[in-house]
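Counting along the sequence shown from 1, when you hit position 399 you're at 399 in full-length UniProt numbering, and nothing is skipped either side. Glycine included, C-beta positions come from ideal geometry on N, C-alpha and C. Contents: one structure, followed by commentary.
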Amino acid sequence: MHGCCLLGAAAAAQNSREVILLDSKAQQTELEWISSPSTGWEEISGLDENYTPIRTYQVCQVMESNQNNWLRTNWIEKGDAQRIFVELKFTLRDCNSLPGVVGTCKETFNLYYQETDAEVGRNIRESQYVKIDTIAADESFTQGDLGERKMKLNTELRIIGPLSRRGFYLAFQDVGACIALVSVKVYYKKCWSIIENLATFPDTVTGSEFSSLVEVEGTCVSDAEEEADNSPKMHCSAEGEWLVPIGKCICKAGFHQKGDACEPCGRGFYKSSSQDLQCSRCPAHSYNDREGSWRCDCEDGYYRALSDPPAVTCTRPPSAPQNLVYNINQTTVSLEWSSPADNGGRNDVTYRIMCRRCGWEPEECLPCGGNVGYLPAQSGLVDAYVTITDLLAHANYTFEVEAVNGVSDLSRTQRLFASVSIATSQAAPSQVSELIKEKVQQRSVQLSWQEPEQPNGVITEYEIKYYEKDQKDRIYSTVKSKSTSATVNNLKPSTAYVFQIRAFTAAGYGTFGPRLEVTTKEEPSGTASTALQLTGCPVVLHCGYSKADQEGDEELYFQCEFHLPSRLRFSDIKFPGTKTYIDPETYEDPNRAVHQFAKELDASCIKIERVIGAGEFGEVCSGRLKLPGKRDVPVAIKTLKVGYTEKQRRDFLCEASIMGQFDHPNVVHLEGVVTRGKPVMIVIEYMENGSLDAFLRKHDGQFTVIQLVGMLRGIAAGMRYLSDMGYVHRDLAARNILVNSNLVCKVSDFGLSRVIDDDPEAVYTTTGGKIPVRWTATEAIQYRKFTSSSDVWSYGIVMWEVMSYGERPYWDMSNQDVIKAIEEGYRLPAPMDCPPGLHQLMLDCWQKDRADRPKFDQIVGILDKMIRNPNTLKTPLGTCTRLPPPNTPDFATFRSVGDWLEAIKMERYNDNFTATGYSSLESVARMTIEDVMSLGITLVGHQKKIMSSIQTMRAQMLHLHGTGVQV
C-alpha cells in the first residue's frame with residue numbers, strides 16, 4: 001500500500017543517517033530531465049540561497065489558460081530502501097503580484113511518482129503516475145522581492161513508500177503557477193554499523209513504516225561470546241537511530257574489554273571466566289608465560305586441588321603434626337598432638353592415623369587390620385585427638401599421625417608425620433558370645449548369658465543395650481547387671497527390640513556381642529493401658545537427648561520427665577501416634593532447633609534467578625534447587641539482608657524451624673536452609689500464582705463456586721493438619737495462603753506466630769504485640785487467647801475473602817469500628833453470589849463462644865459434602881441476626897432511594913433506579929446482583945458497593961423492624 005506523510009523541515013533526518021539517491025544541487029552539468037510539453041518546464045542555471053551556482057527548473061505560463069506542464073526526473077534506483085524521503089526547495093510567485101493574468105493563476109503544483117524495475121523511455125504517460133501530494137508554498141514572492149533579491153525559499157519534505165520495484169521516477173505537474181524548483185533531494189535513511197556491548201551491528205535500512213523498528217542480531221567482536229541466554233540485539237528506528245539494546249557480548253576467558261574490543265590478558269595475568277570483568281595477576285606461587293591465559297600454572301612443589309578455582313593461591317602439603325603425646329589404658333590408647341607449624345597455605349587441614357602392630361624387631365611391623373577401632377574416626381579428623389580401641393593386650397604398636405590437606409594426594413614429595421611406639425598392658429574382656437532370651441512378656445524380656453571366654457580379669461558388671469528395631473534414630477537405653485541374667489522392663493507390647501551385651505573389668509569395657517532380636521507379646525484387648533485416652537488431663541511431658549560417657553564409650557540416650565496428676569499412673573498413658581509441634585523458642589540455642597528440623601543445603605545447589613518481592617528480613621527471590629542425583633526444582637528463596645543482628649538472624653530462621661516440622665500437601669513445604677554461608681537463606685517450594693488474595697483479585701469472577709469451595713477445602717485440610725500437631729497459626733488470612741499452578745492452596749507465613757511490627761494490618765495493639773484485627777477472634781483481641789478455635793474464626797474471614805474475590809473484610813471501616821461492631825453482634829454479610837450454605841458456615845466460625853465454633857476436621861467434612869453434593873450449598877440461612885456496623889447509614893432515616901444513593905456516594909445512578917421502578921427502599925432491599933446489573937451499572941466495584949449496602953440494609957430491616965424481607 002502506497003502512502004505519504006507530511007513533515008516540516010525541522011523534522012528532517014540528520015545527514016549522517018541519510019543515503020542520497022538524487023541531489024540536483026550537487027550536479028553542475030545539465031540535469032536533462034524530461035519536460036512535457038517542451039514549452040513548459042525549462043532548465044536554467046541559477047544561484048541558491050547561498051549564491052552557489054545550481055541547475056534549476058522553472059515554469060511560469062500564467063498568461064495562458066488550461067496549463068498541464070509535466071517534468072520527470074531520470075530513473076532513480078532505490079537499492080534496499082522501502083521508505084523514500086523527497087525534499088523540495090522552490091520559490092513561487094504571488095498571483096496577486098502578476099498584472100494582466102489571462103488564465104487562472106495557481107500557487108501550488110503536484111508531486112507524483114512511478115515505480116518501475118527499469119527505465120521506461122522518455123514518454124510521460126500521466127495515467128501511470130501516483131500522486132504524492134499537492135505542494136503549496138508557505139511564502140510567495142512579488143516582483144519587488146526579486147528586485148531586492150529577497151528570495152523567499154520554501155522547503156517541503158514528503159515520504160513515499162513502501163516501495164517494491166527496483167526504482168522509480170519523480171514527476172512534477174504545473175497547472176498554472178509561476179514556480180522555480182531550486183533543488184530536489186531524494187534519499188532514504190539507514191542505521192550505520194555500530195559496535196555496542198561488544199557486538200557489531202551492520203548497516204541496516206530503516207523499516208517501511210513511520211513507527212517500525214527493525215530488530216537486528218549483533219555479532220560478537222573477536223574473542224567475545226554471547227552472554228548466557230542474552231544474545232545481543234538492537235532496533236533500528238524509522239529515523240535511522242539505534243534504539244533498545246538488548247543483551248550483550250562479553251570477553252572470553254583469557255581476554256578483557258578495552259573500548260569496543262577484547263584484548264588478551266598479558267603475561268603474568270589471567271581471566272578464568274567470561275563473567276569476570278578484568279584480568280587478574282597470577283595468585284601467589286603460580287605463573288604463566290603466554291598471553292590470553294584463563295589460569296596460571298603452579299610453581300614446582302605447589303599444587304591446586306581439583307575443587308580449587310583458578311583464583312586460589314597454589315599451596316603445599318602441610319608439615320608434620322607437632323608435640324604428639326599419648327595416654328594408654330590397658331588396650332585403649334589416646335593420642336593428642338598440636339597443629340603443624342606450616343599448614344601449606346590452606347585451611348582444610350585434617351589428620352589421619354596409621355596403625356602398625358610390631359614384633360620385637362622393627363622390620364616385623366604389619367598393618368593393624370580392621371579389628372581396631374578409632375574414635376571418632378581413623379581419617380578426616382578435624383580435631384587433634386583420637387582414641388584407639390580394641391588393641392591386643394601385651395603387644396607393641398606404632399602409630400603415625402599425618403596432617404593432610406586438599407593437595408596432599410597430589411604431592412610427589414615424601415610424607416611427613418609424627419609417630420609414637422606403645423606397648424599395651426592388660427586387655428578388656430572379650431565378647432559375650434551368646435545372649436539367650438529366657439522369658440518374653442508384653443512389657444518385659446528376661447535374658448541370660450555365659451561369661452566371656454577371655455575375661456582378662458574379674459568381671460564386675462554387665463551392660464545390656466537395647467532399642468526398638470524399627471526406630472530410625474537408634475536411640476539406645478541400657479540396663480546393668482552384676483550377674484549373668486537380667487530383666488528389661490517398661491517395653492512396648494507387640495514391638496521388636498534388639499539387645500546386645502558387654503562385660504566390664506578393671507581394664508574397662510569389652511566390645512558388644514552379637515545382636516539378639518526379640519518381639520514382645522501382644523497385650524490383651526480391653527486393658528486400661530490401651531483403652532485410656534487422655535483428654536484435658538494436665539499431663540506435662542519434657543523429653544530430650546542426653547549423652548553418657550562410660551570409659552570413653554559415648555552413648556546417646558532419650559530421656560523423658562513426666563508430671564502426672566496424683567490420680568493417674570504412668571502405665572495408664574497411651575501416647576498418640578501423631579507428630580507434635582515443638583516451639584523453637586524453647587531451645588536455648590536457636591541453631592540447634594533449625595538444624596534439628598530443617599535440612600542444611602549447599603549454597604552451590606541454589607541458583608537465584610530474579611527478585612519477586614521483599615520480606616521483613618530481606619529480598620524474596622525465585623530460582624532453582626538442584627540436589628545431587630535429583631532433578632532441579634523451582635523454589636522461592638527468602639534471604640537475610642546484609643548487616644543483620646543476631647536477633648534478626650534468630651527470628652528469620654525461626655520460621656524454618658517451624659516449617660521444617662510440617663509435611664502436608666496443603667502446607668508450604670520447606671526444602672531447607674543455608675546457614676553456613678552468605679546470604680543466609682530459607683528455601684521453600686515455589687508457588688507460581690502467589691498469594692491468594694492478589695490471585696483472586698486478578699481473576700475476579702472467573703471461577704465456579706465448586707472451584708472456590710475446592711480452594712477452601714485445601715486450606716481447611718492444611719489447618720486441620722496444623723491443629724492436630726498442636727500448632728496455632730495466629731495470622732491466617734488470604735494474604736498468607738499461596739497458590740500453585742494447579743490452584744492448590746497452601747498455608748504459609750509461619751513467622752507470624754510473632755506479629756511483625758510494620759504489618760499494615762497489625763494496627764490494634766494489646767499487651768504482647770500487635771494483632772491483625774479484621775481476621776482475629778474476639779477473645780484473641782481482648783485477652784490474647786490464641787487457640788485452634790481462634791484460627792477457625794480467622795478461617796471464616798478467609799472464606800469471606802475467597803467468595804468475595806479478595807475484597808477487604810469490613811471494607812473501609814476503621815479497626816476500632818470493626819471491634820465495636822463485632823462486640824455488638826455484627827457479622828459480615830454474604831458476598832455476592834455466595835451460596836447460603838457457605839455463609840452459614842462462616843457464621844458458625846464467628847460464634848462468640850469459641851466452644852461453639854466447628855473444628856477444622858468438621859469443616860473439612862462439611863466442605864467435602866458440598867463438593868460431592870452441590871445442592872447442600874443452597875441450605876437456607878439460620879436465624880442469625882446481624883446488627884449493622886457503626887458509622888453505617890441508618891436506612892430508617894432515609895426518605896427516598898435518592899437519599900440512600902447519596903449517602904453511599906452512588907447518586908450518579910439515581911435515574912437508573914427511578915427509570916426501572918425502584919422507588920422505595922423496600923423494593924431495593926429485595927434486589928439481587930442480576931437486578932443491579934440490569935440497571936446498566938457495569939463497573940464491578942460499583943456493583944459490589946451497592947450490593948454490600950443492600951445486604952446491610954436487609955440486616956437493619958430484620959433487626960429494627962422484623963419485616964418479612966427475604967435476605
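Nearest-angstrom Cβ-Cβ length linking residue i and residue j, presumed shorter than 8 Å
i	j	result
ILE159	ARG83	6 Å
PRO831	TRP800	6 Å
ILE501	GLU461	With a Cβ gap of about 11 Å, ILE501 and GLU461 do not count as contacting.
LYS258	CYS265	About 11 Å; that fails the 8 Å criterion.
Residue i and residue j closer than 8 Å at C-beta
i	j	result
LEU516	VAL420	no
LEU696	GLY623	no
GLU226	CYS251	no
VAL175	ASN68	yes
LEU163	GLU115	yes
LYS638	ILE682	yes
TYR497	GLU468	yes
ALA598	ALA656	yes
ILE862	LEU828	no
ILE582	VAL635	no
ILE706	ILE867	yes
SER334	GLN322	no
ASN154	ALA171	no
CYS296	PRO310	yes
residue 968	CYS220	In the structure as shown, the chain begins at 1 and stops at 967. Residue 968 is therefore absent and cannot be evaluated.
LEU670	PRO590	no
Minimum C-alpha distance to residue i - residue among the options
i	options	result
LYS106	PHE85, GLU119, MET63, THR776	MET63
GLN173	ASP300, PHE210, GLU77, GLY40	GLY40
MET234	GLY714, LEU92, VAL244	VAL244
SER183	GLU209, TYR57, ASN371	TYR57
ARG165	GLY79, GLY726, ARG412, GLU209	GLY79
ASP791	LEU743, ARG853, VAL802	ARG853
residue 968	ARG868, GLY406, LEU435, GLY660	Outside the modelled stretch of the chain, which goes from 1 to 967, sits residue 968, for which no answer is possible.
LEU416	ALA403, VAL705, LEU92, HIS285	ALA403
PHE85	THR104, PRO53, LYS131, VAL186	VAL186
PHE617	LYS945, GLU42, HIS256, LYS641	LYS641
Length of the line joining the Cα atoms of residue i and residue j
i	j	result
THR478	CYS355	32 Å
VAL440	ALA734	56 Å
ALA320	GLY344	11 Å
ALA777	HIS699	29 Å
PHE703	MET711	11 Å
TRP811	TYR686	31 Å
GLY147	ILE44	In this prediction, GLY147 scores a pLDDT of 44, lower than 50, which makes its location untrustworthy; the coordinate-derived value is nonetheless stated afterwards. The alpha-carbon atoms of GLY147 and ILE44 are separated by roughly 19 Å.
GLN378	GLU400	11 Å
LEU564	SER691	For LEU564, the pLDDT reaches just 42, beneath the cut-off of 50, and the residue's location in the model is therefore unreliable, although a value from the coordinates is still provided. Cα to Cα, LEU564 sits roughly 44 Å from SER691.
TYR113	PHE90	18 Å
MET947	VAL709	22 Å
CYS262	GLY672	42 Å
TYR476	LYS465	6 Å
GLU824	LEU901	26 Å
LYS647	ALA780	26 Å
ASN815	TRP775	11 Å
TYR351	LEU381	5 Å
ALA486	ALA851	52 Å
VAL19	GLY254	41 Å
ALA177	THR142	13 Å
CYS358	THR424	12 Å
PHE109	TRP242	37 Å
Test: residue i CB closer than 8 Å to a CB of chain D
i	result
VAL372	Chain labels in this structure do not include chain D; a single protein chain is all it has.
Ordered list of beta strand (DSSP E) runs contained in the stretch 692-731, each at least 3 residues: none
Uninterrupted alpha helix (DSSP H) stretches inside the stretch 249-293 (no shorter than 4 residues): none
Every unbroken alpha helix (DSSP H) inside the UniProt domain "Fibronectin type-III" (428-523) [4 residues or more]: none
Every unbroken alpha helix (DSSP H) within the stretch 761-823, with a cutoff of 4 residues, ordered by chain: 778-783, 788-803, 815-823
Whole runs of the beta strand (DSSP E) within the stretch 346-396, excluding any shorter than 3 residues: 350-358, 373-375, 385-389, all fully within the stretch 346-396.
Unbroken stretches of the beta strand (DSSP E), 3 residues or longer, contained in the stretch 60-134: 69-72, 84-92, 108-116
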